[in-house]
Amino acid sequence: MNYSAVIFDLDGTILLNEEVYARAFCQVLAQHGVHLNPKERTCPHALGIGMEENWKIFAERFNLPADLSLSQLVHETQDAYHKRIGEVIVRPGFWQLQEELAEQGTLLALATSNNWWLVEDELEDLGLQKYFNTLVTREEVANPKPAPDIFWKAAEKLFVEPSECVVIEDSLAGVEAAKEAGMVVVAVLGEYTKHEDFGKANLVAEGFGELTSNRLDSLFSSKRACSS
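When you number the sequence shown by my numbering, it's gap-free, plus one each residue, and the end is 632.
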């Protein structure tokens, strides 16, 4: 294989949980007096940047009280999310791809824009952590996606070069970060991102069912052909 490692985003990529997070954000906003138009399907949170970065945006957009701390908002959102954890599912096809990659000796990493304390229980509840060689969370890097820091950190922890990595993402911020990191990137579409322009991705897939180890390998051949 032309690649040594595959780095997965978590929320929206491995986990189909964006709708659950949206409801959690809406619940907390309502608790603090912000009631969205009932015709809006979900709370318009930005994908791929993590809970803390979203609340920085919301605090300004909705003019939340200055004495309402970011930490409080994040904790309230996480509590609301965990009460709905039973609604979260692993994206179909993930386990098959994970097993195939592991059997051929590919290193696997998780790179999430949320902090460790936000994802620890979730990973344990869903039995995910043990299937990865390493995990990188927001507090380990200086800059969030779309900066490339989190993917560089994942490669560093796996002891591989960025050019040897494939990233699988579902958000524009994640795709941009992976490309900036010098990695091959696959965008998997979701309910919230199916209309986005993922032109920077090396491949756009409807889901994990379209991905195999050989197909990921072919992306490197295509990349070399384009650069030659």
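Even glycine gets a Cβ: it sits at the ideal position worked out from N, Cα and C.
Remember, it's a predicted structure, so these values are computed and weren't measured experimentally.
Query: Cβ-based neighbour list, Ala484, same chain, cut-off 7 Å, excluding 5 preceding and 5 following; Result: Ala428, Gln431 and Val432
Query: With 16 other Cβ atoms within 10 Å as the buried cut-off, status of Gln482; Result: buried
Query: Nearest candidate by alpha-carbon position, reference Ala559, set Ala434, Leu539 and Lys549; Result: Leu539
Query: Inter-residue Cα distance where the pair is Val579 and Glu524; Result: 24 Å
Query: 8 Å contact criterion, which Ile493 and Leu420 should meet: CB distance rounded; Result: 5 Å
Query: Buried or exposed (CB count within 10 angstroms, at least 16 for buried), Ile461; Result: exposed
Query: Cβ-Cβ distance between Val608 and Val589 below 7 Å; Result: no
Query: Test item: CB-CB of Ala577 and Ile411 under 7 Å; Result: no
Query: Alpha-carbon spacing of Glu610 relative to Asp574, whole angstroms; Result: 10 Å
Query: Residue burial classification, Gly416 (beta-carbon count within 10 angstroms, cutoff 16); Result: buried
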